[in-house]
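Let me begin by presenting the structure, written as C-alpha cells, before commenting on it.
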Amino acid sequence: MKDQTLQIRTSPHLKRPMATNTIMLHVVLSLIPVMAFAVYSFGITALLLITTTTAACVATEYLLNGKERGKQNIKDWSAVLTGVLLALTLPPGFPLWMAFVGGMIAIALGKFVFGGLGQNLFNPALVGRAMLQAAFPVAITTWTETLVNGRFSHIIPSSLTIPFLEPIKADAVSGATPLSAFKFDKVSTEIQDLAFGFTSGSLGETCAFLIVIGGVYLGVRKMLNWRIPVGILGTVATLTTILYLSDPVTYPSPWMMLFSGGLMLGAVYMATDMVSSPLSTIGIWIYSFVIGLLVVLIRIWGGLPEGVMYAILFGNALAPILDKSIPHRIYGMSSKNQNKNRA
Amino acid sequence: MAIKKTTPTKVGFFQSLASAPSTDEFIKGLWRENPTFVQVLGMCPTLAVTNSLTNALAMGLATAFVLVASNGLISSLRNFIPKQVRIATYILIIATFVTLIDYGIQATSVSLHKSLGAFISLIVVTFASKNSIGLSLLDGLGMGLGFTFALSCLGALREIMGNGSLLNFPIFGPAYQEWVVMILPAGGFLPSPFGYFFLML
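Going line by line, the protein sequences match chains A and G. Counting in our numbering, the first sequence runs from 30 upward without gaps. Counting in our numbering, the second sequence runs from 1331 upward without gaps.
Written out as C-alpha cells, the structure is:
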C-alpha cells in the first residue's frame, strides 16, 4: 500500500505481511498437485470441471461484489479457491452445467447472503455442494472409473449434457467408491490404492497422500490451524480403531476410514476455513472433535456412505456458539482484562 | 399492521384507486401488506404446500374463502358478542368455515386433501377484524387473494424447477433434469435468495 495520506484508524496498527490474498494464493498453489493428479487420473474432463466451477465462482463474485458494495475484491483469490475446492468434491462425470450452477450457488448463497468475504457462516464450497447434492442426488453419486484408456482424448459424455436436461446415461462402467463398496457390498479396498489415489471417487478425494503434503506445507507456513486436521483425523482414527477392534468384520479398518472419501480434503482444506471455524483453541478442539464424531456416525450408522460434507457444515454452524460461550483472547488486550471487556 | 404508508410521487391508476378507503383496504392485502411477502405470516403452510401450483392455488383459495366468510360474519356479530367469550366465539366461527372447506376439498379430490394435509385445519389460526362489515369483507378478500397470489408464485416456480411441469402438465419434455430440492420442504426457503439476487443483477 502506497498511501501518502494520513490514515486515522483504530488498532491494530501492526500488520502481518500475510494478507488475505497471500494466504488464499498459497492455499490454491498447495492444491495444484491435487488438481494435477485429478487431471492425470480422470483426464481432460477433470480439467474442464475445475475450469467451469472456478469461472462460475469468479464471475458470480465479480457481479455481486460490483453491485452490492461498489468495491471489488476479486483479486484476493478467495473465489478461485472456492471454485477449485467445489470442483474437487464433485464426481468426474458431473454435468458441467450443474457444476456451473453449483459455483454460482456457492458464492451467492454461501457467501453473499451473509455479507461477502469474511462474513460467511458456512464454507461456501460446501454450501454449493450440499445444494447440488439436494438438487441432483443421482448425478452427484454417479461415479466413473479412474485411469480409463483414452481419458485425455475423450470427454466423459455425461459432462457435456445440454443445460437443464438430464445427464446422458453413460454406457461406461460406473465405479463404486471405496466407501460405498464397503457400505453396501462389504468390500474393502487396499490401503495403498487409497493413499495414492488409484480408486474411483470425486476429483480431489482420491489421492490422500498429496492432500497431506499440501496440508503440511500450509501448516508449516502457519496458513492453516494444524489443530483442526489433527483433531478431526485423530477423532476418526480413535473411534474407528475402537470399533474395528471390537468387530473387524462389521466395521471398516481405521486406515480405510482415514484415507477414503472426502475426509482428508475436508479436514485439511474445508474445515480449516478461517472464517467459519472457531477462534479459541479450546473451541477448535471441540469443533474438530464434533466433526470427527459426526463423520464416524454418518459413515457407519447413517444412510449415506459419506458424511464429511454434512459433518463440516454442522461444525461450521456450531462455531459461533463456541465463540460465544468460550472466552478467547482478544487481540491487543492483556489476559487479565479481557474477560471484563468482553461483554 | 403498523406499516407506514408511503406517499406516492406519481399518482397512477392504482394509487388513485387506493386513495379511496375501501379500495385501499382491498389493495393493501394484495401487495403493500401482502401476508407472505411483507408480513411473513403463515410461513408453515407456505413452505409445506407450495411444492406445486395446484396445491398452492387450492390452499390460497381455501384461506381466502375462510377469511372472507369469517371476517364478514364476525364483523356483523361484533356488537353482540360479550367481551369475555370473544376469542372463543371467533375461533368457533372460523373453525366452522374451516371444517366446511376441509370437507369440501375432501369431497372433491381426496388426493388434493391428502397433499394439503393438516394445513387446511390450521387455517383456523387467522385473525379477526373489528371494522364494519364492508371493510372487513374487503380486507379478508384482499388478504386472501394476496396469500393466494404469493403461494401461486412460489408454487409455480417450485413446480417448474422441481418437477418440470405446471399444473401437472409437463412443459419441458421428458429429458428435463428435476431440481429435487425444490419440491422438498427445504426448497421453500430457496426462492427468496434467488429473487433477491435476481433483483440485484
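For every residue, glycine included, the Cβ atom is placed at its ideal position computed from N, Cα and C.
Chain G places no beta carbon closer than 7 angstroms to that of A/P186, leaving this residue out of the contacts. Under the three-state reduction of DSSP output, A/L194 falls in the strand class.
Following the DSSP letters along the chain, one finds G/Q1436 inside the alpha helix (DSSP H) bounded by residues R1416 to T1438. At a cut-off of 7 angstroms between beta carbons, A/V87 makes no contact with chain G.
In terms of Cβ geometry, A/A346 and A/S306 do not form a close pair [threshold 7 angstroms].
Within the segment 326 to 354 of chain A, no run of beta strand (DSSP E) reaches 3 residues while sitting entirely inside it.
Within the segment 136 to 149 of chain A, contact with chain G at the beta-carbon level (separation under 7 angstroms) is assigned to A137, L138 and V142. Pairing A/G144 with G/L1484, the inter-Cα distance amounts to about 25 angstroms.
Within chain A, the residues whose beta carbon sits less than 9 angstroms from that of G/V1510 are A163, A164, F165, P166 and V167, listed in sequence order. Across the structure, G/G1464 and G/G1372 are spaced so that their CA atoms are roughly 25 angstroms apart. For A/W284, the enclosing alpha helix (DSSP H) begins and ends at P283 to F288. Rounded to the nearest whole angstrom, the CA to CA distance from A/A154 to A/V337 is 13 angstroms. Put simply, the CB of G/P1523 is near chain A, with a gap under 7 angstroms to one of its CB atoms. Counting C-beta atoms within 10 angstroms of its own C-beta, A/F141 has 16 or more neighbours from the protein chains shown and is therefore classed as buried. According to DSSP, G/S1495 shares a beta bridge with G/P1500. In the three-state reduction of the DSSP assignment, G/Y1506 falls in the strand class, which pools E and B. In the DSSP assignment, A/F71 falls within the unbroken alpha helix (DSSP H) covering T49 to F71. For G/A1516, there is no enclosing alpha helix (DSSP H), as DSSP marks it with neither H nor E.
For the 7 angstroms CB-CB criterion, A/A128 and A/T81 form a contact. The C-beta of G/A1486 comes no closer than 7 angstroms to any C-beta of chain A.
Of the candidates A/K212, A/T170 and A/A137, A/K212 places its Cα closest to the Cα of A/G331. CA-to-CA, the gap between A/Y69 and A/Q162 works out to about 25 angstroms.
For G/A1394, the closest Cβ of chain A is not nearer than 7 angstroms. Ranking A/T173, A/D105, A/G226 and A/I315 by CA distance to the CA of A/G147 puts A/D105 first. With the rule of 3 Cβ pairs closer than 8 angstroms, the segment 1492 to 1505 of chain G counts as touching the segment 1367 to 1385 of chain G.
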